[in-house]
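Numbering (our numbering), first residue to last: 2 to 400. Input: a single structure, listed below in structure tokens.
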Amino acid sequence: MSSATSFSELTTLQVGGPITRLVTATTQRDLVDLATAAWSSDDPWLALGGGSNLLVGDDGFDGTVIRVATKGIEVLPRDGGTDDIARLRVQAGEVWDDLVAWTVEHGYSGLEALSGIPGSVGAAPVQNIGAYGQELASTLVAIEFLDEGAERPRRMTAEELELGYRTSVLKQGLRGIVVSVELELHDTASELAVLGEAPGQPIAYAQLAGALHAQLGDRVPIARVRETVLALRASKGMVLDPDDLDSVSAGSFFTNPIVTERTARAMPADAPRWYLEPDEPDEVTPLATIASGTPLDAFLALQAELEASDLETPAAAAGPGALVKLSAAWLIEHSGISRGFALPGSRAAISSKHTLALTNRGGASADELAQLARFVQQRVQAEFGIVLRPEPVLVGVEL
């Protein structure tokens, strides 16, 4: 327990005030016991994993912070399934990228494009993490979840979590703590004798395909995919690095907005946009390809230039009435905010590598980051009429 620790020591943004009471759970039993004790009080509580998707105010948190540091990766027995499917149960406190490295080392495919994402495993389903054509939703089977006030965890299936674009019922207000996650991955071991090395899932993101010198749909060894994704993320300051100020961030600070087709039609002609299937909200198709006959090759070239936008792969043609996803990065840059921008006298700045990350350039306060985030929102709204929504969880901060 500690009364002197502050969120600035426990979050990747390195901001946030003091914590009144910090407790750390290293086992599942610890986690249940510490949560039960916290819930027996009327004081507020907060679960903390890797601190990579959190912006806490400068006043700190007057309550109990439960730091989830449980460890363990378990390969579950095969239950009559096919030989090429493996199920894992992973404790919530495992570091996400350590898990990805472990799966690649053991020849399990399905997470390799999610390499380098900071944070803990337990935080991953909260916002349905995704990048470079993969999302957690495609491999998540279930979680163990400890509801606030409950004495033991319950199993929640992926369907019950209502996973969507960077959201879930957990992010929308279901109170409790993720205890573990259950994943279903492709076991490539049976293919090694034929292919000579473990092949990953079909490449589903143009920028990644280009970096791999491959085509969309190609299967590339998972170790090579991981190395390439890590290099791509590092080039954007999206891999934690003590020597890179651009990595002192919460990753992408704003989600790509989803708007009506009517709103999208009012955007400039060169604004990237993607149709969303009404019944498949995470599958997207380039609007330009549908509406104006733009060749797919031209679209893919444009997509490859959209740094850090993390938009998904083009899908089948969308039906009438589909919503449209826009690129937050494009909106920010074209509202007049360039890479490296900072408000006068502020120690918070837009990343020098891409416009989706807000960074702490050294000694910034949570208030300075919030001021910058509000300025970005105001500029984009004034220029395009679009309100950008923050991706990190905000505690004691309002935008």
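Glycine is no exception: its CB is placed at the ideal position from the N, C-alpha and C atoms. Since this is a predicted model, take the numbers as computed values, not measurements.
Asked, Found
"Around the C-beta of A317, are 16 or more other C-beta atoms found within 10 angstroms, so that it is buried, or is it exposed?", "Note that A317 scores 36 on pLDDT, short of 50, meaning its location in the model is unreliable; the coordinates nonetheless yield the value given after this. Looking at its Cβ environment, which holds fewer than 16 other Cβ atoms inside 10 Å, A317 is exposed."
"Buried or exposed, going by whether 16 or more other CB atoms sit within 10 Å of the CB of E183?", "buried"
"With a CB to CB cut of under 6 Å and the five nearest residues on each side skipped, what residues in its chain are close to K172?", "V127, Q128"
"Over what stretch of residues does the alpha helix (DSSP H) that includes A374 continue unbroken?", "367–385"
"Over what stretch of residues does the alpha helix (DSSP H) that includes S236 continue unbroken?", "223–236"
"If contacts are defined as beta-carbon pairs under 8 Å, then D59 and G94 qualify, I think. What distance do you get, rounded to the angstrom?", "That belief does not hold up - the Cβ atoms of D59 and G94 are roughly 27 Å apart, past 8 Å."
"For V394 versus L55, is the C-beta spacing smaller than 8 Å?", "yes"
"Counting along the chain, where does the beta strand (DSSP E) carrying D188 start and finish?", "177–188"
"Quickly, what does DSSP pair E75 with across the bridge? List them, please.", "R90"
"Tell me the rounded alpha-carbon separation between T12 and A367.", "11 Å"
"In the DSSP assignment, what residue or residues form a beta bridge with K326?", "I259, W275"
"What residue range does the beta strand (DSSP E) around T356 cover?", "Taken as a continuous stretch (DSSP letters only), T356 belongs to no beta strand (DSSP E), as it is neither H nor E."
"Could you give the DSSP three-state label for E334: helix, strand or coil?", "helix"
"If you measure between the beta carbons of A26 and T65, is that distance less than 8 Å?", "no"
"Can you tell me the Cα-Cα spacing of G51 and M157, whole angstroms?", "22 Å"
"For A371, which of F8, S7, V16 has the nearest alpha-carbon?", "V16"
"For P243, count neighbouring C-beta atoms within 10 Å of its own C-beta (all shown protein chains included) and say buried if the count is 16 or more, exposed if not.", "exposed"
"Whole angstroms is fine: what's the gap from Y133's alpha carbon to E149's?", "34 Å"
"Can you tell me where the beta strand (DSSP E) with R1 in it begins and where it stops?", "What the structure shows of the chain is the stretch from 2 to 400, and residue 1 is not part of that stretch, so it cannot be assessed."
"Can at least three beta-carbon pairs, one atom from the region 201–218 and one from the region 331–347, be found at a separation below 8 Å?", "no"
"Kindly give me the distance between the Cβ atoms of R167 and T256, rounded to whole angstroms, as I take these residues to be in contact under 8 Å.", "5 Å"
"Which of helix, strand or coil does DSSP assign to Q202?", "coil"
"Could you tell me if D405 is buried or exposed, where buried requires 16 or more neighbouring beta carbons within 10 angstroms of its beta carbon?", "Summary: the structure shown does not reach residue 405, with the chain confined to residues 2 through 400, and so no result is reported for it."
"In three-state terms, what does DSSP make of T12?", "coil"
"By Cβ distance below 6 Å, which residues in the same chain neighbour E384 in space, the five residues on each side in sequence not counted?", "S336"
"Are the CB atoms of K237 and H107 nearer to each other than 8 Å?", "no"
"Would the region 343–350 count as touching the region 40–48 if we require 3 or more Cβ pairs under 8 Å?", "no"
"Helix, strand or coil, according to DSSP, for Q208 in the structure here?", "helix"
"Which whole-angstrom value describes the C-beta separation of S169 and P119, a residue pair presumed to lie in contact below a C-beta threshold of 8 Å?", "Actually they do not touch by this definition, with Cβ atoms about 19 Å apart."
"Beta-carbon separation of L231 and S352 under 8 Å?", "no"
"For L164, count neighbouring Cβ atoms within 10 angstroms of its own Cβ and tell me buried if that reaches 16, exposed if not.", "buried"
"Would you call the CB atoms of I178 and V260 closer than 8 Å?", "no"
"Between E369 and G123, what straight-line distance do the alpha-carbon atoms span, to the nearest angstrom?", "29 Å"
"Which whole-angstrom value describes the C-beta separation of R227 and V91, a residue pair presumed to lie in contact below a C-beta threshold of 8 Å?", "Not really, about 17 Å apart at Cβ, beyond 8 Å."
"Got a sec, what are the start and stop residues for the beta strand (DSSP E) L47 sits in?", "46–49"
"Taking the alpha-carbon positions, what's the R153 to V180 distance?", "10 Å"
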